[in-house]
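One structure is given below, encoded as structure tokens.
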Amino acid sequence: MRTLTLGEAADMLKMHPEGLRRRAKSGLVPAAKPGKQWVFLQEDLQNYLRSLYASNRQALQGDHGSQKTWRFSDAVVPGGLISPARAARELESLLAPKTSRKPKSSTTSSKRKRGGSDGSASGQPTPGIKRRGSG
Numbered sequence: 004m005r006t007l008t009l010g011e012a013a014d015m016l017k018m019h020p021e022g023l024r025r026r027a028k029s030g031l032v033p034a035a036k037p038g039k040q041w042v043f044l045q046e047d048l049q050n051y052l053r054s055l056y057a058s059n060r061q062a063l064q065g066d067h068g069s070q071k072t073w074r075f076s077d078a079v080v081p082g083g084l085i086s087p088a089r090a091a092r093e094l095e096s097l098l099a100p101k102t103s104r105k106p107k108s109s110t111t112s113s114k115r116k117r118g119g120s121d122g123s124a125s126g127q128p129t130p131g132i133k134r135r136g137s138g
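In this note's numbering, the protein residues as written are 4 to 138.
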């Protein structure tokens, strides 16, 4: 059993170490983090690669004269990978209760009270306040 560091595993898989770290953290690539560093088993990474061949490609056998060759064609796989954060947001939006917008207030602050133009409810002038034009 041979263990690989993040850099060694990234070299083996021909990918960037940061991309491999993200995949290991999300559980897409088999790995463990017993301390501060990620540890990969070479056999697990080989099995991971084999699983990608089986799911993403379809083998076709071709015959050119007496020599047999294998060709691979990309198989169409519906869907695709999305980030765990995006999947969580989409799930939250689907499970969230449907709420409507709170209705705006139907009253306004500029409504006038009944009565005179001076603001008194009885229409009588307020003592001590002169009305315009009453001189």
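Glycine included, C-beta positions come from ideal geometry on N, C-alpha and C.
Could you tell me how far apart the beta carbons of Met15 and Leu9 are, in whole angstroms, since I believe they sit closer than 8 Å?
-> The pair is not a contact, with the Cβ atoms about 11 Å apart (cut-off 8 Å).
Could you have a look at Ala99 and say whether DSSP puts it in helix, strand or coil?
-> coil
Going by Cα to Cα distance, which pick from Ala90, Leu31, Arg5 is closest to Leu98?
-> Ala90
Residues that Leu7 bridges to, as DSSP identifies them | Phe43
Could you give the distance in angstroms between the alpha-carbon of Gly22 and the alpha-carbon of Lys107?
-> 48 Å
What three-state label does DSSP hand Ala34 in the structure shown?
-> coil
So what's Ser54 in DSSP terms, helix, strand or just coil?
-> helix
Compare the C-alpha of Ser86 against each of Val42, Arg26, Lys39 and name the closest.
-> Arg26
Alpha-carbon to alpha-carbon, Ser54 and Phe43 | 16 Å
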